[in-house]
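Here the numbering used here is used: the first residue of the sequence shown is 10, the next is one more, and so on.
C-beta atoms are modelled at their ideal positions from N, C-alpha and C, and glycine is treated no differently.
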Amino acid sequence: MFGDRLPITIEPYKLARDAGVIEGDVSLEKCHRVLDALVSSEGHCHVRLEFDIDPQKIRFVRGQLKGLFQVPCQRCMQAMSFEVDSEFLLAIAASDEAAANLPKQYEPLIVEDEKLELLPVIEDEILLTLPIASYHDEGDCSVTSEMLVSGEEDEAQPETKPENPFSVLEQLKGKR
Numbered sequence: 010m011f012g013d014r015l016p017i018t019i020e021p022y023k024l025a026r027d028a029g030v031i032e033g034d035v036s037l038e039k040c041h042r043v044l045d046a047l048v049s050s051e052g053h054c055h056v057r058l059e060f061d062i063d064p065q066k067i068r069f070v071r072g073q074l075k076g077l078f079q080v081p082c083q084r085c086m087q088a089m090s091f092e093v094d095s096e097f098l099l100a101i102a103a104s105d106e107a108a109a110n111l112p113k114q115y116e117p118l119i120v121e122d123e124k125l126e127l128l129p130v131i132e133d134e135i136l137l138t139l140p141i142a143s144y145h146d147e148g149d150c151s152v153t154s155e156m157l158v159s160g161e162e163d164e165a166q167p168e169t170k171p172e173n174p175f176s177v178l179e180q181l182k183g184k185r
């Protein structure tokens with residue numbers, strides 16, 4: 010229905026009624042909420058949205074995201090590639106009340122008027138697919154496991170008894 014460029018706003022109720030399909034690319038530079046989780050704003054995400062009405066008369070969106078993102082490795086803090094190929098299923102609901110009554114297979118998409126800004130929906134789905142913490146494979150990371158603190162004490166340091174914090178008080182008490 011649409012070319013490579015996604016529309017800014019859509020009419021999801023009308024698209025569902027007409028079994029519409031929207032497909033195109035979104036530049037990561039436009040996804041401001043996503044940029045905090047990425048190392049680079051270069052690249053794009055391919056989006057495909059299929060609108061329809063199920064047998065229970067629920068308007069829904071079946072979506073797919075594909076992209077290659079540069080996320081920070083939490084071990085070395087350098088960029089690493091993270092491939093996304095995610096599918097999601099959203100039901101269009103007019104209110105929170107209507108969303109609460111949806112079947113469990115659907116995630117709610119609240120659309121209070123006839124129009125919906127598409128970019129925030131795409132940003133939400135990208136954020137849901139990104140890992141909370143990402144790491145290079147150990148062989149690919151500039152930080153090796155030997156460099157990481159193991160939590161064990163260094164054997165080169167001799168064992169010392171910790172100083173008693175009340176030793177000063179004992180000395181004062183002894184002077185009386």
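Between G72 and F97, how many whole angstroms is the CB-CB distance? I'm expecting something under 8 Å. To locate residue 72, count along the sequence shown from 1; it is residue 63. To locate residue 97, count along the sequence shown from 1; it is residue 88. Their Cβ separation, rounded to whole angstroms, is 5 Å, which keeps G72 and F97 in contact under 8 Å.
Rounded to a whole number of angstroms, what is the C-alpha to C-alpha distance between A46 and I62? In the sequence shown, residue 46 corresponds to position 37, counting from 1. In the sequence shown, residue 62 corresponds to position 53, counting from 1. Approximately 34 Å, taken between the alpha carbons.
Sequence-distant residues of the same chain with beta carbon closer than 6 Å to H55, five excluded per side: Position 46 of the sequence shown, counted from the first residue, corresponds to residue 55. Exclusion of the five residues before and after H55 leaves D34 and K75 as the residues of its chain whose Cβ lies within less than 6 Å of its Cβ.
Applying the 10 Å Cβ sphere with the 16-neighbour rule, what's the burial state of E179? For this step, residue 179 is matched to residue 170 along the sequence shown. Residue environment analysis places E179 among the exposed positions, since fewer than 16 neighbouring C-beta atoms fall within 10 angstroms of its C-beta.
On the criterion of 16 or more Cβ atoms from any shown chain inside 10 Å, does V120 qualify as buried, or is it exposed? Numbered from 1 along the sequence shown, position 111 holds the residue referred to as residue 120. Burial state of V120 is buried, judged by a 10 Å Cβ sphere holding 16 or more other Cβ atoms.
Of the residues A25, L99, Q87 and P171, which one's Cα is nearest the Cα of S151? Position 142 of the sequence shown, counted from the start, is the residue given in the question as residue 151. Minimum Cα distance to S151 is reached at Q87.
Distance, Cα to Cα, G12 vs R57? Mapped onto the sequence shown, residue 12 falls at position 3. Mapped onto the sequence shown, residue 57 falls at position 48. In this prediction, G12 scores a pLDDT of 49, lower than 50, which makes its location untrustworthy; no coordinate-derived value is stated.
My guess is that S95 and E134 are in contact by the Cβ rule of under 8 Å, so how many angstroms apart are they, rounded? The count along the sequence shown starts at 1 and reaches residue 95 at position 86. The count along the sequence shown starts at 1 and reaches residue 134 at position 125. A Cβ-Cβ separation of about 7 Å places S95 in contact with E134 under the 8 Å criterion.
Within the present structure, is the beta-carbon of L139 separated from the nearest heavy atom of the ligand SAM by less than 8 Å? The model depicted lacks the ligand SAM and carries no ligand whatsoever.
Where does R68 land, buried or exposed, given buried means 16+ other C-beta within 10 angstroms? Indexing the sequence shown from 1 puts residue 68 at position 59. Buried: at least 16 other Cβ atoms inside 10 Å.
Who does H53 pair with in a DSSP beta bridge? Indexing the sequence shown from 1 puts residue 53 at position 44. Answer is S36.
Alpha carbon to alpha carbon, what distance is there between E116 and N110? As a working note, residue 110 is residue 101 in the sequence shown. As a working note, residue 116 is residue 107 in the sequence shown. Each residue's Cα considered, the two are about 11 Å apart.
Sequence-distant residues of the same chain with beta carbon closer than 6 Å to L137, five excluded per side: In the sequence shown, residue 137 corresponds to position 128, counting from 1. Nothing listed; no residue qualifies.
Spatially closest choice to Y144 from Q79, P21 and K170, by CA coordinates: To locate residue 144, count along the sequence shown from 1; it is residue 135. That would be Q79, whose Cα lies nearest to the Cα of Y144.
What does the alpha-carbon distance come out to for the pair G148 and E51? What you label residue 148 is simply residue 139 of the sequence shown in a count that begins at 1. What you label residue 51 is simply residue 42 of the sequence shown in a count that begins at 1. So the alpha carbons of these two residues sit roughly 26 Å apart.
Is it buried or exposed, P21, if we count other Cβ atoms within 10 angstroms and call 16 or more buried? The residue you call residue 21 lines up with position 12 of the sequence shown. That one is buried.
Closest Cα partner of L128 within the set G183, S49 and K39: Taking the first residue of the sequence shown as position 1, residue 128 is located at position 119. Ranking G183, S49 and K39 by Cα distance to L128 puts K39 first.
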